[in-house]
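Chains as they are written, first to last, in my numbering: chain A, 319 to 564; chain B, 319 to 564.
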């Protein structure tokens, strides 16, 4: 049944902000209307799937599609809302293309929040939060995810640690001596993964991170991983051992 | 000691084909000589690190650096040769940029062999093996890996399965009903991971793959992963549970 309706909903899948319910008229963003009209050649009667992070997934139908606008009506729910595990990815921002990639992959891999963190050796000085969000939305739409990860405003490392919430374990991807394999120490959410910039954390930062009770230093094997590889590998390993891949 | 010499070897690290031994003159490829002269502004006396996949890692010194050529002499071994676990990545080829990315990341994550596999829904019709190899070499150099993954000539799925070596488990990344979490079923090498093209395997292919005794269908969680994300996630999970990240 759900599969039939999914099939009926076709391959177009959009994240919307409006509430979804039977018969609800769902407003679309300008970009989405443009995409439906000019890329997908939408016509009245065409079906698509919608989600908003709250009401599950819905099959919807295009009611009207003209140059003046596209209107969409929700028909039936095909999946109940779920939640990804409460896992944050705290990462030193990287340059444009790897950042796009990281936001997409982290969304597919089920991160609940993307938290950019400025460190001493971070070269990037500005985070384009809108661009991160756009990549996350696109990845959520394509991966059948029912929610979009939260894009948190960037913080300095010091501020991140000083405002750390009680009860959340921070898995610190570190090369240091006593770091243990992530698969051996990963525990269920709430959790977070912290990866450094290309040049790594500086010694004072490493000491600061390791001094906190909530920090668990972890290793991802004997090879040196690029910053974005480390982030994706850590997400996958945590999900497989402590998250919703079990 | 090893760390001092690594430090002494600096940040330049090159994969060479020649044998490495104390005092050995090491020929470089034209591209490497050009890189040292014109990108790194190499001068006589400058140090670098070399590996060839057989003799471990060596600190070397630039003996001469002129427009007529660069000569390099190996000085001392800083790390013994190791082996990555005998893990293959069998993947449906993807378009250019994701293929570069996949080759780099799979190298960092410690794949021993990259095996392109043509399937019915594979859109890419040609594999640029030289380009895959160049990406693998670059990633090996930058990740402190002591070997470069083998780039195997592309095979059809049928041929791959028909010539499968005895004793090697094939973890088939599948969405199907009885697939089990990879972390729950991963066993040590020899092993291989098989990921499909963007459109997935067709039903006849899935049946063929699943009919083989060496196949273990595995799942990577409830979200749909892009082909390259699935490959990288599977490599990371296998390494963390059954490979050299333990």
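All C-beta atoms in this analysis are idealised placements derived from N, C-alpha and C, irrespective of residue type, glycine included.
Check: Residue-level contact to chain B via CB, residue 323/A, 7 Å cutoff; Outcome: Because residue 323/A sits at a pLDDT of 43, beneath the cut-off of 50, its placement in the model cannot be relied upon, and the point is left open.
Check: Residue 398/B, buried or exposed, once every other Cβ within 10 Å from all chains shown has been counted against 16; Outcome: exposed
Check: Option nearest residue 411/A by Cα separation, candidates 543/A, 513/A, 461/A and 538/A; Outcome: 513/A
Check: Proximal chain B residues relative to residue 462/A, where beta-carbon distance stays under 7 Å; Outcome: 541 and 542
Check: Rounded separation between residue 391/A and residue 339/A - CA only; Outcome: 9 Å
Check: Chain-ordered neighbours of residue 550/A on chain B, where CB pairs are closer than 9 Å; Outcome: 423, 547, 550, 551 and 554
Check: 8 Å contact criterion, which residue 498/B and residue 536/B should meet: CB distance rounded; Outcome: 6 Å
Check: Rounded C-alpha distance that separates residue 377/B from residue 534/B; Outcome: 43 Å
Check: Element boundaries [beta strand (DSSP E), containing residue 535/B]; Outcome: 533-537
Check: Buried or exposed (CB count within 10 angstroms, at least 16 for buried), residue 384/B; Outcome: exposed
Check: Where the beta strand (DSSP E) containing residue 431/B begins and where it ends; Outcome: 431-436
Check: Residues near residue 505/A by beta carbon distance below 8 Å, same chain, minus five either side; Outcome: 487 and 560
Check: Buried versus exposed, by CB contacts within 10 Å (16 or more), residue 375/B; Outcome: buried
Check: Delimiting residues of the alpha helix (DSSP H) encompassing residue 452/B; Outcome: 447-460
Check: Bridge partner(s) assigned by DSSP for residue 388/A; Outcome: 383/A
Check: Minimum C-alpha distance to residue 515/B - residue among 428/B, 491/B and 342/B; Outcome: 491/B
Check: Residue from 460/B, 382/B, 530/B and 370/B whose Cα sits closest to the Cα of residue 351/B; Outcome: 382/B
Check: Short Cβ contact (7 Å threshold) for residue 466/B with residue 333/B; Outcome: yes
Check: Any chain B beta carbon closer than 7 Å to residue 332/A; Outcome: no
Check: Residue 421/A beta carbon less than 7 Å from that of residue 453/A; Outcome: yes
Check: CA-to-CA distance, residue 428/A to residue 477/B, given in whole angstroms; Outcome: 35 Å
Check: Short CB-CB distance (under 7 Å) between residue 465/A and chain B; Outcome: no
Check: Chain-ordered chain B contacts of residue 559/A [CB-CB under 9 Å]; Outcome: 501, 555, 558 and 559
Check: Under 7 Å from the C-beta of residue 404/A: neighbouring residues of chain B; Outcome: By Cβ distance, chain B contributes nothing, its closest Cβ being about 15 Å from residue 404/A, past 7 Å.
Check: Residue 468/B (DSSP reduced to helix, strand or coil); Outcome: strand
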